[in-house]
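Residue 714 in the numbering used here sits at position 44 of the sequence shown, and the numbers go up by one each step. The structure under discussion appears below in the form of structure tokens.
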Amino acid sequence: MICYSMLVNPNVLCVVGRVVLSHADYTSPQFYISGNCIDVVDSWPHLGHIICKNSDDNLDILNRRSSFIAQAYDVICTFGKLDCVTKMRLFNSYCGSFYGCDLRDLSCDGLQAMCTTWRNALRRILNLARDCHTDIINVLCNIFNNTPCLIHFVNVRLSFYGLA
């Protein structure tokens, strides 16, 4: 859907019947399409991501983190009795997709929480103690041909810009 207001003002994003204003200093204007009033919202899900008025990725990453927790829990519960190599392959295949991470802000607070959750899931997959050091997890990732979470995000960002 193309929104005329987006062509007039680049600070307004119209998403499938809702308008997300990108700056907080706006008063809520009214937008109409075919005589129907379009709601002005602070955030809105669109194509699997959450678009926020302040262009912050935290809500989107929190949403992705919740999905990741459910996927990792499924792998842990369903395949918990398998050997570590098989569980790691399943974990990589089923939980390794971070769609849209090439556009995320790498300094976002939610990204650190996502990486912490990823390491905790990896500890559960590999039957490691909860206080197992991150360096040990990184070494095990290298053994299993798995890239640590934050390094994965950086590599995807670099390849997005053609630098990797």
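Glycine included, each C-beta is placed from N, C-alpha and C at the ideal position. Every value quoted in this text rests on a predicted model; they were computed, and no experiment measured them.
Review point. According to DSSP, which residues form a beta bridge with N706?
Key: I703
Practice item. Return the CA-CA distance between L781 and I720, expressed in angstroms with no decimal places. Key: 15 angstroms
Practice item. State the Cα-Cα distance for the pair F701 and A791, rounded to the nearest angstrom. Key: 45 angstroms
Exercise for review: Could you tell me the distance, in whole angstroms, from the CA atom of H822 to the CA atom of H803?
Suggested key: 19 angstroms
**Study point:** Pair within 7 angstroms by beta-carbon distance, I795 and F761
**Key:** yes
Review point. What's the C-alpha gap between I813 and I807?
Key: 10 angstroms
Exercise for review: Please name the residue or residues paired with I720 in a DSSP beta bridge.
Suggested key: P715
Practice item. Using the Cα positions of V710 and Y831, report the straight-line distance between them to the nearest angstrom. Key: 33 angstroms
Point to revise | Start-to-end residues for the alpha helix (DSSP H) that takes in L792 | key: 779-795
Review point. Do you know how far the Cα of R759 is from the Cα of V745?
Key: 10 angstroms
Practice item. Return the chain-ordered ranges of every alpha helix (DSSP H) run that is complete within the segment 723-762 and spans a minimum of 4 residues. Key: 728-748
Review point. Whose C-beta lies closer than 7 angstroms to the C-beta of N816 among residues of the same chain, with five residues either side of it excluded?
Key: M758, N762
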